[in-house]
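To start, the structure under review is shown below, and the notes come after it.
Numbering (the working numbering), first residue to last: 2 to 211.
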């Protein structure tokens, strides 16, 4: 596991990774790593639902300096030599350009290392330029990332070729592929997954609700 680590929150993440037996090599930064606070309702589940409600409060990411970012990139390139694949995921902290995940995917591709990008918003929109092996948004993330693009998803019904009525999502996945991604896998929640690859498009769904 690699990434950026700062302050007590960063040390707590490193301790959790060590306790889980996951090798980690995090690049230190001066600012505090962000935390996410989960608040759960411990009362009875609302009528008609199977689960209690949980609210998530996401802190803004730390400010990362250009020097820190450069140090991380050098560390990342060194570790690529020992990597069989790279998963690039999460939100970007302040000070990091939106095209950063595309840059990481490009570096991996040059080393012959498959890269999987799981991102949202602008980082997702830029990611295909790095020609990653797989881009993996969910349907809402895909819609948000492409909404402002002229080449974004078509209106519902405009692409009847989409698997089993998911024409708009299929069109969005194809837009990411045209942008450079080798394959796009879109999670549809309870609706399963939609995969668009060079070999074709498929939708997979569990036989029961998860």
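For each residue, glycine too, the CB sits at the ideal point set by N, CA and C.
Could you say which of the options lies nearest to residue i if we only look at CA atoms?
i, options, result
"residue 170", "99, 54 and 144", "144"
"residue 138", "99, 9 and 121", "121"
"residue 74", "101, 130 and 2", "101"
"residue 81", "133, 55, 108 and 127", "108"
"residue 54", "61, 43 and 116", "43"
"residue 131", "92, 112, 34 and 21", "112"
"residue 200", "207, 71 and 183", "183"
"residue 141", "192, 105, 104 and 29", "192"
State the start and end residues of the unbroken alpha helix (DSSP H) segment that holds residue i.
i, result
"residue 76", "67-81"
"residue 14", "8-20"
Buried or exposed, going by whether 16 or more other CB atoms sit within 10 Å of the CB of residue i?
i, result
"residue 209", "exposed"
"residue 204", "buried"
"residue 125", "buried"
"residue 41", "exposed"
"residue 36", "exposed"
"residue 85", "exposed"
"residue 195", "buried"
"residue 165", "Residue confidence for residue 165 is low, a pLDDT of 49 falling below 50, so the modelled location carries little weight and cannot support an answer."
"residue 180", "buried"
"residue 87", "buried"
"residue 147", "buried"
Got a sec? Which residues, its chain only, sit under 7 angstroms from residue i by beta carbon, not counting five neighbours each side?
i, result
"residue 15", "6, 25 and 27"
Leaving out five residues on either side along the sequence, give the residues of the same chain with a beta carbon under 6 angstroms from the beta carbon of residue i.
i, result
"residue 32", "7, 63 and 64"
"residue 119", "90 and 137"
"residue 60", "35 and 36"
"residue 167", "195"
Let's see if you can read the secondary structure: which residues bound the beta strand (DSSP E) around residue i?
i, result
"residue 204", "201-205"
"residue 41", "37-41"
"residue 29", "26-29"
Please go through the same chain and pick out, in chain order, the residues whose beta-carbon is closer than 8 angstroms to the beta-carbon of residue i, but skip the five residues on each side of it.
i, result
"residue 67", "96"
"residue 2", "18, 23, 24, 25, 26 and 27"
Exercise. Tell me the start and end of each unbroken alpha helix (DSSP H) in the segment 79-153 that is at least 4 residues and wholly inside, in chain order.
Key: You should have 101-111, 122-127 and 140-147.
Practice problem: Please go through the segment 162-198 and give each complete alpha helix (DSSP H) segment of 4 or more residues, from N-terminal end onward. | Solution: Listed in chain order, the complete alpha helix (DSSP H) runs (minimum 4 residues) inside the segment 162-198 are 168-179.
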